[in-house]
Each structure stands twice: as structure tokens, then as C-alpha cells.
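A short write-up of the structure that comes next.
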Amino acid sequence: MKRVLLTRPLPDRVVEAARTHFEVELRDDPAPLKLGQMRGALALYDGVLPTLGDMFSAEVFADAENPRCKILANFGVGYNHIDAAAARGAGISVTNTPGAVTDATADIAMTLILMSARRAGEGERMVRAGKWPGWNPTQMLGLHVSGKTVGIIGMGRIGQAIAQRCHYGFGMDVIYYNRSPKPMEFPARQVESLEALAAQADIVVVAVPGGAETHHIVGSSVFEAMKPSGHFVNIARGDVVNEAALIAALQAGAFAGAGLDVYEKEPIVPEALKAMENVTLLPHLGTAALEVREAMGLMAVENLRAFFAGEIPPNLVN
Ligand code: 8YV
145 MKRVLLTRPL PDRVVEAART HFEVELRDDP APLKLGQMRG ALALYDGVLP TLGDMFSAEV
205 FADAENPRCK ILANFGVGYN HIDAAAARGA GISVTNTPGA VTDATADIAM TLILMSARRA
265 GEGERMVRAG KWPGWNPTQM LGLHVSGKTV GIIGMGRIGQ AIAQRCHYGF GMDVIYYNRS
325 PKPMEFPARQ VESLEALAAQ ADIVVVAVPG GAETHHIVGS SVFEAMKPSG HFVNIARGDV
385 VNEAALIAAL QAGAFAGAGL DVYEKEPIVP EALKAMENVT LLPHLGTAAL EVREAMGLMA
445 VENLRAFFAG EIPPNLVN
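So for the sequence shown, our numbering puts the first residue at 145; every next one is plus one.
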């Protein structure tokens, strides 16, 4: 039987499924693997099921000569924490879990759009603090999202799922920025630059994959182009956005509010963000629902099973 390491506690169904195929080592530490542990994992296991935070950078693979490990079956669609090219160089396949995460992540984008536009976090804090003076007609007026324009940066699976929710659920106009056109079943217009998108949208949502190609693609020029009444949402990866520029723009009142599920240095969330009432902060909840985490885990297990059966794993990325 192949030896497989699960790097974090995972839902029972996932662990059970893994145990039907492999000799499983379940690490019950919720913290990410450290450099030495990752090197050890490459030497000791035939396959590893890593998660967000396990930083398999080029350094990890550098002196791994013909490692025992031949596959990293990532738990999650985003694998920017794994240097997939360096893994390939060391003879290691990398897989991910697209599809399983799409709806849940789009749902969190909608949560943040509504929380930011309708000032839900601010209102909840006011109630809990016992500071609600009672209803009045001009209290806490936010942005009405129905019929507004959403601008989506990145029209992959998640971007498209956000577009559908915005169009069908909220009657919103959809514009997007993407390398290639993505025809939808409803009018959705591609715009030529991030700044053009920011200028036209009432709500800007970031949904591109992380990694070197998208590092800091959203910065001050985008924030400066946004409408003063606009809202900004990031459910992608923290470092797609220049966080310092975001903070500066918010402090200058360049737009009305922001909703964030991801940060540049998770779990560190800058105090400046926490200090602003018009910023909604979630702890990377994109896929945090039991069924979704089960589906992601079962997909990763299937990638491992297929790989060890000599098949091309369904979600090979390198
Ligand atoms: C996951 C995510 O929770 O799938 C992704 O890329 O960002 C998540 O929501 C995380 O990656 C789990 O490893």
C-alpha cells in the first residue's frame, strides 16, 4: 500500500476514503508544515495531500533528489503555495480541486458584496455594542446592489459563478476583465483594462488565481479609478491586491467600502483594516462548509488514487 500524508485534520469522510486506498498518516496539527517537515514528507511518503499554508516553494524541492514522494494532491483549487514547476523538476506531479470550490467561493463573494454594500458588519457591531439608537429613516444607508454594475476581475469558474449570481439573483449588469473573452448566457461585457473596469463598476470583485503572474495586479491606479460610492471585494488571494495601496485608498475615502476574505500575510490582518468600520473582514471562509471541504478532500483522494493506479490524475496542473 502507498503511504500518504494528510498534512492537516480533515473531515472524517475524507480520511476514511483515503484509508480505503492508502496507508494514511494523519497529521493532527492545524498549523502548516515547516520547511524541514516538508522535506521530510517528500522523503518518507509516496504522496502528500497538502493544504493552503504548506509552502512548497522551490527551496523545498531544491535538494530532493529522486524523492519518494511523486505527487502533491493539493486540497483546494489555488495552488500558488506550491511551486509546481519546481515540483515537476523533482519529478513530482501536482493536482488541485477545481469545481468543488466554485459555488461556495462565489457565495462568499456575494456575502461580502452584500455585507459591504449594506454595511452589515458595521450594523452588527453597533447592535452588539448596545449602541443602536433605534430605527430612523436615514440611519446606516448603504448601496442598493440590485440593478447595479459588478466588475469581475478574472472570469474563470469562480468569476463566472459570481457573474451568474449577480445577474440572475440581483439583476446586475456584468462587466469583466479577463485575458480571453468568456461568453455567458446573458450580456456580460469584457473591458480592456482594470482601470476601465474600476471606473464603470459599482462593485469590483477580484476572482483571479494567485501566483507570480497576478501578484499586486490590483493597486492604486485601480482604487483611484473606482467610483466614490464603489465597493471592493477580494475572495481570490491576498497578494493579488497591494494591501498597502488598498489601505491608503480606503483611508483617503477613494471608495465606499471593502469586503475581504483573503490577505497578503494570512493570518495577519493589518490593524489599519480592522480600524475601519467600512471594511468587512472574513477569515478565509471561501470554502468553509462541511460538504464543500468533503468534496475537495474526496477529489484530492481521487487524484491520488488515479495517480497510483497509473492513470493521469483528473486534475493534474503541472
Ligand atoms: C481553501 C481556497 O479553503 O480552494 C482554494 O483555493 O482558497 C480555499 O477556500 C484552501 O485552499 C484549502 O487549502
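All C-beta atoms, glycine included, are put in the ideal place defined by N, C-alpha and C.
In chain order, what are the residues with a CB under 5 Å from some non-hydrogen atom of ligand 1?
THR195, LEU196, PHE219, GLY220, VAL221, GLY222, VAL245, GLY430, THR431
Identity of the residue in VAL350, ASP247, LEU188 nearest ALA208 by Cα
LEU188
Would VAL289 and ILE257 be called neighbours here (beta carbons separated by less than 8 Å)?
yes
Run through DSSP, which three-state label would GLY243 get?
coil
Using a threshold of 8 Å, state whether the C-beta atoms of LYS418 and LEU426 are closer than that.
no
List in chain order: all unbroken alpha helix (DSSP H) runs of 4+ residues lying wholly within the region 180–237.
202–206, 228–233
Sort out for me which residues DSSP pairs ASP317 with in a bridge.
THR293
Should MET440 be labelled buried (16 or more other beta-carbon atoms within 10 Å of its own) or exposed?
buried
Range covered by the beta strand (DSSP E) that runs through LEU150
147–150
Could you compute how far the alpha carbon of ALA342 sits from the alpha carbon of ALA332?
15 Å
Integer Cβ distance of PHE200 from LEU216, believed to fall under 8 Å:
6 Å
Distance, ASN462 Cα to ARG269 Cα:
45 Å
Smallest Cα separation from PHE451: which of PRO174, HIS360, LYS214?
LYS214
Check whether the Cβ atoms of VAL350 and VAL318 lie closer than 8 Å to each other.
no
For GLU167, three-class secondary structure by DSSP
strand
I'd like the span of the beta strand (DSSP E) that includes LEU404, first residue to last.
401–404
Residue from VAL335, ARG309, GLN344 whose Cα sits closest to the Cα of GLU329:
ARG309
On the three-state DSSP scale, how would you describe ALA307?
helix
Who are the near neighbours of PRO325 in its chain, counting only those whose CB is closer than 6 Å to its CB and skipping five residues on each side?
GLN334
Among the candidates ARG301, ARG147, ALA398, whose CA atom is the shortest distance from the CA of ALA248?
ARG301
DSSP state of ALA273 mapped onto helix, strand, coil:
coil
Could you please give the first and the last residue of the uninterrupted alpha helix (DSSP H) stretch that includes ALA332?
Here ALA332 belongs to no alpha helix (DSSP H); instead the beta strand (DSSP E) covers 332–334.
What did DSSP end up calling VAL366 once you bin it into helix, strand or coil?
helix
Distance, Cα to Cα, ILE412 vs GLN344?
32 Å
Expected contact under 8 Å - CB spacing of ASP190 and VAL148 to nearest Å:
7 Å
Straight-line Cα distance separating ALA402 from LEU394:
8 Å
Where do the ends of the beta strand (DSSP E) carrying LEU425 lie?
423–425
Using 8 Å as the limit for Cβ to Cβ distance, is VAL348 near chain E?
Annotation note: the requested chain E is absent from the structure, which comprises a single protein chain.
Would you list the residues sitting across from LEU460 in a DSSP beta bridge?
THR239
Counting pairs of Cβ atoms below 8 Å between the region 274–291 and the region 426–435, do you hit three or more?
no
What residue range does the alpha helix (DSSP H) around ASN378 cover?
Counting along the chain, ASN378 falls outside any alpha helix (DSSP H), though it belongs to the beta strand (DSSP E) covering 375–378.
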